[in-house]
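**Student:**
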Amino acid sequence: MKKRALAITMSAVMAASMFASVGVSAEEGSEFDWKAYEGTTLNVMFNEHTYADAVIAKLPEFEELTGIKVEYSTTPEANYFDKLNTALSSRSGQPDIFMTGAYQTWEYAPAGYMEPLDAYIEDATKTSPDYNYDDFIPGIINALRWDLVPGHAVGEGELWALPMGWEINTLTYNKKIFEEKGITPPTTTQELYDAAVALKEFGGSGTYGLAVRGLRDWGTIHPAYMSLFATWGAKDFEVEDGKLVCKLDSPEAIEMTDYWVKLIKDGGAPQWSTYGWELCGADLGAGKAAMMWDADRGGYTQNVEGASAEAGNLAFAGIPLPEGKTEQLSNLWTWAMGMNADSKNKDAAWYFLQYFTSPDFMLYSGTEGACTDTPRTSVMESEEYKAIVGQAEGYLESFETVSANASIFFTPQPYFFECTTMWAETLQDLVISDTYESTEEAMQTLAANLTELVSDLEVE
308 MKKRALAITM SAVMAASMFA SVGVSAEEGS EFDWKAYEGT TLNVMFNEHT YADAVIAKLP
368 EFEELTGIKV EYSTTPEANY FDKLNTALSS RSGQPDIFMT GAYQTWEYAP AGYMEPLDAY
428 IEDATKTSPD YNYDDFIPGI INALRWDLVP GHAVGEGELW ALPMGWEINT LTYNKKIFEE
488 KGITPPTTTQ ELYDAAVALK EFGGSGTYGL AVRGLRDWGT IHPAYMSLFA TWGAKDFEVE
548 DGKLVCKLDS PEAIEMTDYW VKLIKDGGAP QWSTYGWELC GADLGAGKAA MMWDADRGGY
608 TQNVEGASAE AGNLAFAGIP LPEGKTEQLS NLWTWAMGMN ADSKNKDAAW YFLQYFTSPD
668 FMLYSGTEGA CTDTPRTSVM ESEEYKAIVG QAEGYLESFE TVSANASIFF TPQPYFFECT
728 TMWAETLQDL VISDTYESTE EAMQTLAANL TELVSDLEVE
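Taking my numbering, the leading residue of the sequence shown gets 308, the next gets one more, and so forth.
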C-alpha cells in the first residue's frame with residue numbers, strides 16, 4: 308500500500324478549495340432558535356488556560372441568550388487529562404463538553420468517547436446561519452478531523468472537536484538582555500547553541516540561556532523538540548507492510564536528538580527535567596531565562612503590559628535552521644472543545660460549542676481574551692486583531708513565516724501518549740543520567756520499544 312503523508316503544510320491547506328465545505332441545509336420552514344434548549348444544565352470541564360478564561364468571561368451572555376445554565380470546573384494542565392480520562396471512561400455522560408487537543412482525539416474518538424460534529428453543523432435547525440463554518444482556517448479545523456485509522460493523516464473523516472485557538476512554536480528572546488550582551492537573535496541551530504552557552508549565568512547563578520520543556524511526559528516532545536525534529540528531516544513512524552514502524556533510530560533522528568541533549572546540558576535550565584510550559588514562561592517573564600522556545604502565545608502573554616517583570620522587553624523570532632535546511636517547520640497544537648458521546652444533553656451542548664467558536668466570540672477572544680492565534684480567517688485578517696497582536700515586536704512576522712509550513716508532524720495513532728512519554732523518558736535519561744553510552748544506543752532502544760508497543764495496530 309502507499310504511505311500516507313502526515314504533514315499537511317499550512318501553505319497548502321490555507322486554500323479552502325482543497326477541502327470539502329460543510330454546508331448547512333434545512334427543511335423548508337425550519338428555523339434556528341437560540342432558546343430551543345432553555346432550562347438545560349450543561350457540565351463543562353476546562354483546562355486552566357487563557358482560552359478557558361475567555362469562554363468563562365462570556366458565560367453570562369450565553370446563559371442569557373439561550374436560557375442554558377452552565378456549570379464548569381477548571382483544572383491545571385498537569386492534572387487535567389488524568390481527571391478527564393477518568394470522567395470519560397466512566398461513561399456517565401459527565402462532562403457534556405470538555406477541552407481537548409488533536410492528539411487526544413486519537414485516543415478518545417476510537418474509544419467511543421467523542422461525538423462526531425458534522426451532523427450538527429449540517430442541520431440548519433441546530434446551527435445559526437451566522438456560524439460560517441467555512442471561515443475556519445482549513446489547516447486548523449482539519450487537524451481535528453480523522454478517519455480513526457492508525458497511521459492515516461489528519462484531515463479526513465469525521466470532525467471530532469472545534470478549535471478554540473492554535474499554537475506554533477517559535478523562539479522568544481529578551482531583546483534587552485541580547486543588547487546588553489551584544490548577541491543577535493539566532494537564525495541557525497549553531498547560533499542558537501552559541502547564544503545559549505554565552506548566556507549561561509548571564510545575570511548570576513540560576514540564570515541561563517534557553518528555556519524548553521523537560522518533564523517526563525508527552526508535553527516535552529510536541530513543542531520545540533518536535534518542531535526541530537521535523538525541520539531536521541526526521542519522522543516518528545512510517546507505514547511498512549501494513550504496520551507502523553518507529554523511525555526514531557534514523558540518522559536524522561539521532562543527530563537531531565544529540566544536538567538537543569547538548570543544547571540543554573550546556574545552555575538550558577539547571578533543573579530542566581522539572582520544566583513544563585508554565586516554568587518556561589515564568590523564567591522568561593522573570594528575566595531568569597534569556598530565550599524560550601515554546602508556544603508563541605506563551606511568550607506573548609509574558610510580554611503583555613503588567614504580566615511579568617520583563618513585559619515589553621520580549622521579542623519574537625522564527626525557528627533556527629540546521630545546516631542545509633531552508634524551511635522553518637513548526638509542529639502544530641490546537642486547543643479545542645469536544646462533546647462527550649455519552650452526554651444526555653447533546654443538542655444543548657452543540658449550542659455551547661457553536662456559540663464559543665463563532666466569529667463574534669473568536670473576535671473577542673483573539674483581541675481581548677489573550678487567545679492570540681485565532682482559528683478563524685475573518686478574525687486573523689481584521690484590523691482589530693492585527694493592531695493588538697502586532698504590538699509585540701516580531702510576533703506577526705515570525706507567525707506568518709513559521710505558520711506557512713506548520714503541521715501536525717506526529718503520526719496519528721491511539722498509543723500517542725504512551726509513545727511520547729517513553730520518548731521524553733529517554734530524553735531525560737540522556738540529559739541527566741548515564742543510562743546509555745550514546746544517543747544512538749538510546750534511540751535504537753527507544754525505536755525498538757515503540758515499534759513493539761504499536762505492533763497490534765493494523766493499518767489499511
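Glycine included, C-beta positions come from ideal geometry on N, C-alpha and C.
This one's a predicted model, so the numbers in the text were calculated from it and none came from an experiment.
So for F405, helix, strand or coil by DSSP?
**Tutor:** strand
**Student:** What does the alpha-carbon distance come out to for the pair A333 and F405?
**Tutor:** Note that A333 scores a pLDDT of 37, beneath 50, so its modelled location is shaky and nothing firm can be said.
**Student:** Please report the distance separating the alpha-carbon of M669 from that of F663.
**Tutor:** 7 Å
**Student:** Who are the Cβ neighbours of E562 in its own chain at under 6 Å, not counting the five residues just before and after it?
**Tutor:** Sequence-distant partners of E562 (beyond 5 residues in either direction) whose C-beta falls short of 6 Å from its own C-beta are missing from its chain.
**Student:** Compute the beta-carbon to beta-carbon distance between D565 and A576, rounded to the nearest angstrom, for a pair I have assumed lies under 8 Å.
**Tutor:** Wrong, their Cβ atoms sit about 19 Å apart, outside the cutoff.
**Student:** Closest to S665 by C-alpha separation, out of G510, P470 and F485, would be which residue?
**Tutor:** P470
**Student:** Provide the residue span of the alpha helix (DSSP H) that contains A656, from first to last.
**Tutor:** The continuous alpha helix (DSSP H) containing A656 extends over residues K653 to Y662.
**Student:** Rounded to the nearest angstrom, what separates A749 and K554 at their Cα positions?
**Tutor:** 13 Å
**Student:** Assuming E617 and G592 are in contact, meaning their beta carbons sit under 8 Å apart, how far apart are those beta carbons, in whole angstroms?
**Tutor:** Right, the Cβ-Cβ distance comes to about 5 Å (below 8 Å), so this counts as a contact.
**Student:** Please go through the segment 596–633 and give each complete beta strand (DSSP E) segment of 3 or more residues, from N-terminal end onward.
**Tutor:** 596–602 and 621–624
**Student:** In the DSSP output, which residue or residues are listed as bridge partners for C553?
**Tutor:** F544
**Student:** In its own chain, which residues sit with a C-beta less than 6 Å from the C-beta of K342, not counting the 5 before and 5 after it?
**Tutor:** G374
**Student:** Are A450 and I715 touching if we call contact CB-CB under 7 Å?
**Tutor:** yes
**Student:** Taking A361 as the reference, which of C678, E465 and P558 has the closest Cα?
**Tutor:** C678
**Student:** Rounded C-beta distance between W473 and W413? I'm assuming under 8 Å.
**Tutor:** That belief does not hold up - the Cβ atoms of W473 and W413 are roughly 17 Å apart, past 8 Å.
**Student:** For a test of the three-state rule: what should DSSP assign to G511, helix, strand or coil?
**Tutor:** The three-state secondary structure of G511, taken from DSSP, is strand.
**Student:** Looking only at its chain, what residues have a beta carbon closer than 6 Å to the beta carbon of G513, apart from the 5 residues adjacent to it on each side?
**Tutor:** none
**Student:** I'd like to know if the segment 375–386 and the segment 345–357 are in contact, where contact means that at least 3 CB-CB pairs between them fall below 8 Å.
**Tutor:** Verdict: yes, contact present.
**Student:** Need the endpoints of the alpha helix (DSSP H) that P470 sits in, please.
**Tutor:** Counting along the chain, P470 falls outside any alpha helix (DSSP H), though it belongs to the beta strand (DSSP E) covering L469 to E474.
**Student:** Touching or not, the segment 595–602 and the segment 522–538, by the rule of three or more beta carbon pairs under 8 Å?
**Tutor:** yes
**Student:** Just reading off the alpha helix (DSSP H) that N350 is part of, what are its end residues?
**Tutor:** Counting along the chain, N350 falls outside any alpha helix (DSSP H), though it belongs to the beta strand (DSSP E) covering T348 to N354.
**Student:** Can you confirm whether the segment 543–558 touches the segment 622–642 when touching is taken to mean that 3 or more C-beta pairs between the two stretches lie within less than 8 Å?
**Tutor:** no
**Student:** Evaluate the contact criterion for the segment 716–736 versus the segment 537–551: three or more CB pairs, one atom per stretch, below 8 Å.
**Tutor:** yes
**Student:** Do L424 and L455 have their C-beta atoms closer together than 7 Å?
**Tutor:** no
**Student:** Rounding to the nearest angstrom, what Cα-Cα distance links G511 and A503 in this structure?
**Tutor:** 15 Å
**Student:** How about D340 and N652: do their beta carbons lie closer than 7 Å?
**Tutor:** no
**Student:** Would R398 be called buried (16 or more neighbouring beta carbons within 10 Å of its own) or exposed?
**Tutor:** exposed
**Student:** Whose C-alpha, out of E378, M421, Y410 and G408, is nearest the C-alpha of S396?
**Tutor:** Scanning E378, M421, Y410 and G408 for the CA closest to the CA of S396 turns up M421.
**Student:** Between G516 and the rest of its own chain, which residues show a CB-CB distance below 8 Å, the 5 nearest in sequence each way excluded?
**Tutor:** Contacts found: A502, A503, V504, A505, L506, K507, F509, G574, G575, A596, A597 and M598.
**Student:** Return the Cβ separation of Y410 and F623 in integer angstroms, given the expectation that the two are a contact with Cβ distance under 8 Å.
**Tutor:** By a beta-carbon distance limit of 8 Å, Y410 does not contact F623. Their separation comes to about 25 Å.
**Student:** What residue from D649, Y658 and P629 has the CA that sits closest to T494's CA?
**Tutor:** P629
**Student:** If we ignore side chains and look at the alpha-carbon of each, how far apart do F388 and G446 end up?
**Tutor:** 25 Å
**Student:** Suppose you measure from the CA of A655 to the CA of D437; what does that come to, to the nearest Å?
**Tutor:** Note on geometry: alpha-carbon atoms of A655 and D437 lie some 18 Å from one another.
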